[in-house]
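Here the sequence shown stands for residues 2 to 444, where the numbers follow the numbering used here. Backbone N, C-alpha and C define an ideal beta-carbon position, used for all residues, glycine too. A quick note: this is a predicted structure, and the numbers were derived from the prediction, not measured.
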Amino acid sequence: MFGNADKVSIRPVLGRFVAEGTKEKLARAVSNIAQAPIISIPAFGLINYFSLDFYGFVFMTSLCILFAGVLPILVVMLWSRNKKSESDLPQKEDRIAPLVIVITIYLAGTAALYAAGAPLLSTALMFCYFSNTLIVFFINIFWKISIHSMGVMGPTVALIFAFGAPGAFLGLVLPVVMWSRIYLKKHTISQVIMGALLGFVLTAAQIYLVYAQSGIRPDITLILWLVYAFIGPSIVLGAAGIMNGMGVLDGYTRKFFHFIGFVSIAAFLRYAPAEAAMIFIALGIVYVGIACFSGNGFPWFDGIRRRADSPNETIYVIMPMISTVLGLAVCWALFGHPAVEVGMLCVAVGDAMAEPMGVLFGRHKYKVFSLMGSPSERSVEGSLVVLLSCSAIIFLFTGSPIFSLALGAVLSLVEAVSPRGTDNFTVFLVSAVGIAIRSMIAM
């Protein structure tokens, strides 16, 4: 299990050996640094810096740091010391009184910023700290939602309103913060997800309404896509891990993540702003990297690894991810739309369906070379699924049954002979090349 301070075993992670005690120390450091009052400081600082002159920046930022940072931290420190508890107050009953005091501080901070003529976004963000914490107070009576996750997403949304996609940089710490809270057993997967979701949605809605009342109608298209970009991977990884813990075979949970992930990327590439797609892919890599760092026993990792790959489970999670990113980069640079979309969907559906169907119905097995360990086993029935599913996808884009079946057959052969971990690249590339060639011939 994870989060056990007494464990001294080590396991290979990302090519290195990391002791469980070291992971716990890192998780505690992340939890201590990524508290909501601390995270608020760079957000207010950046908003004020680009909105005010030097003296106004110093004054307004000092007010923000006082009401959003210093005073809440002092309240929590003094209360935890009085209760002889940890600084994050792990028992929800211990959070009631300090939350009431902090809510009052945030309300006073909102009034102070408004009276001082602070930038609209700074005042709106301080009000969000007040209102969001008030909502947390009522939720906390029944359920211990993650204030850490909420505290990351709130200021991230404000920075996105201020700077667009570059403002999302602060949210890149969300996967690490979520990991730390789960690893330390301070929160469940659902608690960190709900904290992040509420922090994002509530803050975005309130800032939008404040802007609208001021006669400003910001474009929230990017915001809407980024809700899933930030939180979607944690939901899918968490669901895969929970299913694995309930006894669902890891081959199925792994392909569940594979299918949802690839279809999501294809949707982002087709419909979302380019910045949102890049952020989503970057966050997906971060989430999977953290899962691999955590190793066996952590739900994010358990849902996407195969026990049969031991001791190379991590490698066979990382290799497909590298193959995917490489395939996406190469095909995007060479072919662009719609070849990239076809390639992504062929990998998503064909590869995701092949293994489960092969497990259920595969009777005619054959061996495939593996870059590490013994050769892997595939089935003729699984390869047939690749042929049919890829042909169907290609037909949706081309409308040509003959071409679709021909390219689908080629892709099934490519998938059949590709070493384990590389088929995400080979299938991606060959399908994109096929679509690109047909497009050139049709011109």
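Could you give the residue range of the beta strand (DSSP E) that holds Val369?
Mapped onto the sequence shown, residue 369 falls at position 368. Its beta strand (DSSP E) spans residues Lys366 to Val369.
Please state if the CB of Phe336 and the CB of Ala433 are separated by a distance shorter than 9 Å.
Taking the sequence shown and counting its residues from 1, the one referred to as residue 433 is at position 432. Taking the sequence shown and counting its residues from 1, the one referred to as residue 336 is at position 335. Contact flag set, yes.
Suppose the cutoff is 8 Å on Cβ atoms and the five residues either side in sequence are ignored; what does the same chain contact list for Arg307 look like?
As a working note, residue 307 is residue 306 in the sequence shown. Cβ neighbours of Arg307 beyond the five flanking positions: Asp251, Gly252, Arg255, Glu314 and Tyr317.
Compare the Cα-Cα distances from Ala197 to each of Gly239, Leu225, Gly152 and Leu210 and report the closest residue.
Within the sequence shown, the letter at position 196 stands for residue 197. Checking every option, the nearest Cα to that of Ala197 belongs to Gly152.
Compare the Cα-Cα distances from Gln36 to each of Met154, Arg218, Leu346 and Ile224 and report the closest residue.
Reading the sequence shown from its first residue, position 35 is the one you call residue 36. Nearest C-alpha to Gln36: Met154.
Would you check if the distance between the CB atom of Val211 and the CB atom of Ala125 is smaller than 9 Å?
Here residue 211 refers to the residue found at position 210 when the sequence shown is read from its first residue. Here residue 125 refers to the residue found at position 124 when the sequence shown is read from its first residue. Contact flag set, yes.
Under three-state DSSP, which class holds Arg379?
Residue 379 sits at position 378 when you count from the first residue of the sequence shown. Note: Arg379 maps to strand in three-state DSSP.
State the DSSP-derived secondary structure class of Trp144, mapped to helix, strand or coil.
Residue 144 sits at position 143 when you count from the first residue of the sequence shown. In this structure, Trp144 counts as coil in the three-state DSSP scheme.
Apply the 10 Å Cβ neighbour rule to Tyr184 and answer buried if 16 or more other Cβ atoms are within range, or exposed otherwise.
Residue numbering aside, residue 184 sits at position 183 when the sequence shown is read from its first letter. Flag for Tyr184 reads buried.
Is there contact between the stretch 279-288 and the stretch 226-238, where contact requires at least three CB pairs shorter than 8 Å?
Flag = yes, the stretch 279-288 and the stretch 226-238 touch.
Considering only the alpha carbon of each residue, which of Phe138, Ala112, Met61 and Met179 lies closest to Arg29?
Along the sequence shown, one-based indexing puts residue 29 at 28. Arg29 has its Cα closest to that of Met179, out of Phe138, Ala112, Met61 and Met179.
Closest to Ala1 by C-alpha separation, out of Phe398, Gly435 and Leu199, would be which residue?
Lying outside 2 to 444, the shown extent of the chain, residue 1 is not represented and no answer is given.
With burial defined as no fewer than 16 other Cβ atoms inside 10 Å of the residue's Cβ, what is the status of Phe294: buried or exposed?
Residue numbering aside, residue 294 sits at position 293 when the sequence shown is read from its first letter. Its Cβ being crowded by 16 or more others within 10 Å, Phe294 is buried.
Taking the alpha-carbon positions, what's the Pro274 to Gln214 distance?
Indexing the sequence shown from 1 puts residue 274 at position 273. Indexing the sequence shown from 1 puts residue 214 at position 213. If you take the alpha carbons of Pro274 and Gln214, they lie about 27 Å apart.
According to the Cβ coordinates, are Gly239 and Ile190 closer than 9 Å?
Walking along the sequence shown from the start, residue 239 turns up at place 238. Walking along the sequence shown from the start, residue 190 turns up at place 189. For Gly239 and Ile190, yes; Cβs fall inside 9 Å.
Pull up the distance between the alpha-carbon of Leu121 and that of Val326, whole angstroms please.
Within the sequence shown, the letter at position 120 stands for residue 121. Within the sequence shown, the letter at position 325 stands for residue 326. Going by the C-alpha atoms only, they are around 40 Å apart.
Can you tell me which of the three DSSP states Arg306 falls into?
As a working note, residue 306 is residue 305 in the sequence shown. The answer is coil: DSSP assigns Arg306 none of H, G, I, E or B.
Can you look up Gln192 in the DSSP assignment and give me helix, strand or coil?
One-based indexing of the sequence shown puts residue 192 at position 191. Note: Gln192 maps to helix in three-state DSSP.
Hey, would you say Phe138 sits closer than 9 Å to Val101, going by beta carbons?
Locating residue 138 in the sequence shown gives position 137, where the first residue counts as 1. Locating residue 101 in the sequence shown gives position 100, where the first residue counts as 1. Their beta carbons are under 9 Å apart, which means Phe138 touches Val101 by this criterion.
Taking all protein chains shown into account, do 16 or more other C-beta atoms lie within 10 angstroms of the C-beta of Met247, making it buried, or fewer, making it exposed?
Within the sequence shown, residue 247 is the residue found at index 246, counting from 1. It is exposed - the Cβ of Met247 has fewer than 16 other Cβ atoms within 10 Å.
Below 7 Å CB to CB, which residues in the same chain sit around Ala340 once its five sequence neighbours on both sides are set aside?
Locating residue 340 in the sequence shown gives position 339, where the first residue counts as 1. Hits under 7 Å: Cys332, Ala433, Ile436 and Ala437.
Is Phe429 helix, strand or coil by DSSP?
Counted from its first residue, the sequence shown places residue 429 at position 428. Reduced to three states, the DSSP call for Phe429 is helix.
Can you give the Cα-Cα distance for Met320 and Gly422, rounded to whole angstroms?
By 1-based counting over the sequence shown, the position of residue 320 is 319. By 1-based counting over the sequence shown, the position of residue 422 is 421. Roughly 5 Å between the two C-alpha positions.
What I want to know is whether the C-beta of Phe45 ends up closer than 8 Å to one or more non-hydrogen atoms of the ligand ZN.
The model depicted lacks the ligand ZN and carries no ligand whatsoever.
Keeping to the same chain, check which residues put their C-beta closer than 6 Å to that of Val348; ignore five residues upstream and five downstream.
Taking the sequence shown and counting its residues from 1, one reaches residue 348 at position 347. The residues are Phe263, Asn425, Val428 and Phe429.
Give me the residue from Arg439, Leu388 and Leu175 with the minimum Cα distance to Tyr288.
Against the sequence shown, residue 288 aligns to sequence position 287. Answer by Cα proximity: Leu175.
Under 9 Å, do Val193 and Ser147 count as touching if we go by C-beta distance?
To locate residue 193, count along the sequence shown from 1; it is residue 192. To locate residue 147, count along the sequence shown from 1; it is residue 146. Closer than 9 Å, so yes.
Check Arg218 in the structure and name its three-state DSSP category.
Residue mapping note: residue 218 aligns to position 217 of the sequence shown, counting from 1. DSSP places Arg218 in coil when its eight states are reduced to three.
Report the CB separation of Ala69 from Gly118 in whole angstroms; it is logged as a contact under 8 Å.
Within the sequence shown, numbered from 1, the residue matching residue 69 stands at position 68. Within the sequence shown, numbered from 1, the residue matching residue 118 stands at position 117. Not really, about 18 Å apart at Cβ, beyond 8 Å.
Run the CB neighbour count on Ile48, radius 10 Å, all protein chains shown included, and call it buried at 16 or more, exposed below.
Stepping through the sequence shown from its first residue, residue 48 is reached at position 47. When all chains shown are included, Ile48 counts as buried.
Look at the Cβ atom of Leu203, then the Cβ atom of Ser132, and state whether they are nearer than 9 Å.
Within the sequence shown, numbered from 1, the residue matching residue 203 stands at position 202. Within the sequence shown, numbered from 1, the residue matching residue 132 stands at position 131. For Leu203 and Ser132, yes; Cβs fall inside 9 Å.
Name the two residues that bound the continuous alpha helix (DSSP H) containing Val177.
Here residue 177 refers to the residue found at position 176 of the sequence shown. Counting along the chain, the alpha helix (DSSP H) containing Val177 begins and ends at Leu175 to Tyr184.
Quick one: which unbroken alpha helix (DSSP H) runs of 4-plus residues sit fully inside the stretch 201-256? Chain order, please.
Whole alpha helix (DSSP H) segments, 4+ residues: 222-246.
For the alpha helix (DSSP H) containing Phe404, name the first residue and the last one.
Working through the sequence shown from its first residue, we reach residue 404 at position 403. Pro402 to Val418 is the extent of the alpha helix (DSSP H) around Phe404.
Are there 16 or more other CB atoms within 10 angstroms of the CB of Trp144, so buried, or fewer, so exposed?
Working through the sequence shown from its first residue, we reach residue 144 at position 143. Exposed: under 16 other Cβ atoms inside 10 Å.
Helix, strand or coil, according to DSSP, for Asp54 in the structure here?
Indexing the sequence shown from 1 puts residue 54 at position 53. Coil.
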